[in-house]
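Residue numbers (full-length UniProt numbering): 1 to 436.
Report on the structure given below.
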Amino acid sequence: MPLLNRLLMQEIAGGLNADGLLCLDGRKRPCAEGVTLVSPEGVSAEIARDGRIILAGMDKQQYIVGEDGRLRARGSNTEAAREAAAGGRPDAAALNGNGQSEGQTVRERVNAEDVRRSDQDFETRIADAIQRAAAQSQDKKDDGGSDLAKIALAGLGALAVGQVLKNNGQVALNTGDRVVVTRNDGSQQVLKDDNMLLRQPGSEVQTENYSDGSSRTVVTRQDGSQIITIRAADLSVLRRIHVARDGTETVLIDESVEVPPVEVAELPAAPQTSDAAAPTTEAALREALAREAAVNRRFTLNQIRSIPQVRNLVAPVDIDAITFDSGSAAINPDQARQLATLGTVLEGAIRDNPREIFLIEGHTDAVGGAAFNLALSDRRAESVALALSEYFDVPPENLVVQGYGEEYLKVPTLDSERDNRRASVRRITDLLASAQ
1 MPLLNRLLMQ
11 EIAGGLNADG
21 LLCLDGRKRP
31 CAEGVTLVSP
41 EGVSAEIARD
51 GRIILAGMDK
61 QQYIVGEDGR
71 LRARGSNTEA
81 AREAAAGGRP
91 DAAALNGNGQ
101 SEGQTVRERV
111 NAEDVRRSDQ
121 DFETRIADAI
131 QRAAAQSQDK
141 KDDGGSDLAK
151 IALAGLGALA
161 VGQVLKNNGQ
171 VALNTGDRVV
181 VTRNDGSQQV
191 LKDDNMLLRQ
201 PGSEVQTENY
211 SDGSSRTVVT
221 RQDGSQIITI
231 RAADLSVLRR
241 IHVARDGTET
251 VLIDESVEVP
261 PVEVAELPAA
271 PQTSDAAAPT
281 TEAALREALA
291 REAAVNRRFT
301 LNQIRSIPQV
311 RNLVAPVDID
321 AITFDSGSAA
331 INPDQARQLA
341 TLGTVLEGAI
351 RDNPREIFLI
361 EGHTDAVGGA
371 AFNLALSDRR
381 AESVALALSE
391 YFDVPPENLV
401 VQGYGEEYLK
411 VPTLDSERDN
421 RRASVRRITD
431 LLASAQ
């Protein structure tokens with residue numbers, strides 16, 4: 001915010017007045033009710049009662065100032081959000097069933113030593129990855145654009161920092177388990193394996209890879225149940241089905257369901273949230289998570305993940321029991337046990353309705369670089385999901401994890417702030433088209 005305010009003050013010093021502000025939709029004032037004013041440089045602003053131009057709140061800003069001093073798209077203004085809003089059925093051979101598999105099917109048994117636990121930090125420190133990134137960026141890999149299909153087959157570790165991806169920007173950071181990509185509009189996006197939570201000791205994993213980079217994975221558990229997941233070339237889930245021991249199938253996620261495009265300006269306002277502490281009793285938490293979305297349409301998982309105004313149609317519940325040490329994604333056992341209320345509520349909700357889907361969100365404070373924080377926040381969301389499965393038997397297939405870095409600070413400060421190093425949960429069942 002201070003950097004945005006500085007940019008706005010520079011515009012005002014250069015002669016900008018109220019007549020120079022435009023409506024966010026590009027029209028001249030007066031704007032329609034609820035439409036934000038923006039400066040020529042793209043800073044959202046308001047006109048005070050005395051006629052002065054002042055900076056609008058962060059929730060109205062379409063950009064933030066990046067580490068290089070340039071404006072970087074945020075929220076629903078990013079390329080990823082705009083692509084998600086446009087909708088359309090994903091084109092993946094594994095989803096359509098009309099492609100050729102690439103090589104033999106890969107089979108493996110998951111052992112305990114193959115799996116990270118919630119109390120363990122990642123083997124690759126993000127700080128080390130940052131150092132490697134600085135070295136690699138001196139030799140940018142611009143070969144006209146790398147195909148995500150090749151990347152999916154080779155694994156995320158094959159991506160070098162500076163490598164240009166076709167239609168997806170440039171690799172800013174690779175931690176081995178996650179890749180942060182800087183898009184053409186300056187926004188950043190994290191790529192990771194959406195199947196990681198399903199890799200539990202004793203499970204048999206069978207993966208069939210297709211030539212376009214999509215894949216079909218069957219995880220067979222020791223009790224005989226199966227989770228079938230189809231992923232896109234960027235490793236995000238396109239379809240997930242739970243198959244019980246008796247053969248009963250439950251569709252959890254299905255991105256092939258057609259939904260209309262999202263017009264952000266036409267979405268209803270987000271429900272009012274309280275600044276009070278998160279609910280601590282099972283009854284209060286159950287009530288908070290069960291509140292229905294105030295909208296009469298459904299969305300894809302990608303739209304929920306990528307467009308803040310969509311996921312905000314259901315209020316998040318902060319997980320106050322968990323805050324993280326600076327730079328860490330590990331949850332110590334004492335903190336994990338404090339998730340008992342949340343774990344009990346989620347496990348019970350899924351037992352009553354196997355279609356329930358919960359989004360676990362990770363956040364960081366504003367200390368450190370944006371790419372660092374985005375990868376770290378996504379790791380933190382994964383740790384919370386792991387703890388819920390390890391300690392309270394919450395089915396991991398009903399959990400989706402997503403990190404949002406430093407973009408949504410609980411406490412508006414650029415300093416180290418433990419309350420910003422947090423996680424939250426939303427029940428997104430009512431938003432998902434596949435949950436109908």
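Glycine is no exception: its CB is placed at the ideal position from the N, C-alpha and C atoms.
Which residue marks the beginning of the beta strand (DSSP E) containing residue i, and which one marks its end?
| i | result |
| --- | --- |
| E208 | E204 to N209 |
| Y63 | Y63 to V65 |
| Q120 | Looking at the DSSP string, Q120 is not in any beta strand (DSSP E), and its letter there is neither H nor E. |
| T220 | S215 to T220 |
| L399 | L399 to G403 |
| A45 | S44 to I47 |
| T182 | R178 to T182 |
| A423 | A423 to R427 |
| I322 | Where I322 is concerned, there is no enclosing beta strand (DSSP E), given that its DSSP letter is neither H nor E. |
| V190 | Q188 to K192 |
| R72 | L71 to A73 |
| V161 | Looking at the DSSP string, V161 is not in any beta strand (DSSP E), and its letter there is neither H nor E. |
| I357 | Careful: I357 lies outside any beta strand (DSSP E) and carries neither H nor E. |
| V106 | V106 to R109 |
Take the Cβ of residue i as the centre, count every other Cβ of all protein chains shown within 10 Å, and call the residue buried at 16 or more, exposed below.
| i | result |
| --- | --- |
| K28 | exposed |
| L235 | buried |
| L414 | exposed |
| R109 | exposed |
| G403 | buried |
| T229 | buried |
| S326 | exposed |
| S416 | exposed |
| R72 | buried |
| Q189 | buried |
| D365 | buried |
| N17 | exposed |
Taking the continuous alpha helix (DSSP H) assigned at residue i, which residues delimit it?
| i | result |
| --- | --- |
| T364 | Run containing T364: none; DSSP gives neither H nor E here. |
| A387 | A370 to F392 |
| Q170 | From DSSP, Q170 is part of no alpha helix (DSSP H) but of the beta strand (DSSP E) over G169 to N174. |
| R82 | E79 to A86 |
| R337 | P333 to R337 |
| R6 | P2 to A13 |
| L95 | A93 to N96 |
| T341 | A340 to D352 |
Would you mind stating whether residue i and residue j have Cβ atoms separated by less than 9 angstroms?
| i | j | result |
| --- | --- | --- |
| E79 | G169 | yes |
| A32 | C23 | yes |
| G202 | E407 | no |
| V317 | A283 | no |
| T105 | E208 | yes |
| Q226 | V218 | yes |
| V161 | A172 | yes |
| A290 | A349 | yes |
| H242 | E347 | no |
| L7 | V43 | yes |
| I331 | S383 | yes |
| N77 | D185 | yes |
| G69 | L3 | yes |
| T248 | N353 | no |
| R379 | R178 | yes |
| I322 | Q335 | yes |
I want to see whether chain B comes within less than 9 angstroms of residue i, judged by CB atoms only; does it?
| i | result |
| --- | --- |
| P271 | No chain B appears in this structure, which consists of one protein chain only. |
Inset, instruction - May I ask you to verify whether the stretch 251-258 touches the stretch 428-435, counting CB pairs closer than 8 angstroms and requiring at least 3? - result: yes
Legend entry - Contact the stretch 341-351 vs the stretch 393-407: 3+ CB pairs below 8 angstroms: Touching, yes, given that three or more Cβ pairs across the two stretches are closer than 8 angstroms.
Legend entry - Cβ contact (3+ pairs, closer than 8 angstroms) linking the stretch 356-367 and the stretch 416-426: yes
Inset, instruction - Would you mind listing the beta strand (DSSP E) stretches within the stretch 225-312 that are 3+ residues and don't spill past its ends, in chain order? - result: Here the runs fully enclosed are 226-231, 237-243 and 249-254.
Inset, instruction - State whether the stretch 305-312 contacts the stretch 262-271, with contact taken as three or more CB pairs (one from each stretch) at a distance under 8 angstroms. - result: yes
Inset, instruction - Answer yes if the stretch 82-91 comes into contact with the stretch 50-63, meaning at least three C-beta pairs across the two stretches below 8 angstroms, and no otherwise. - result: no
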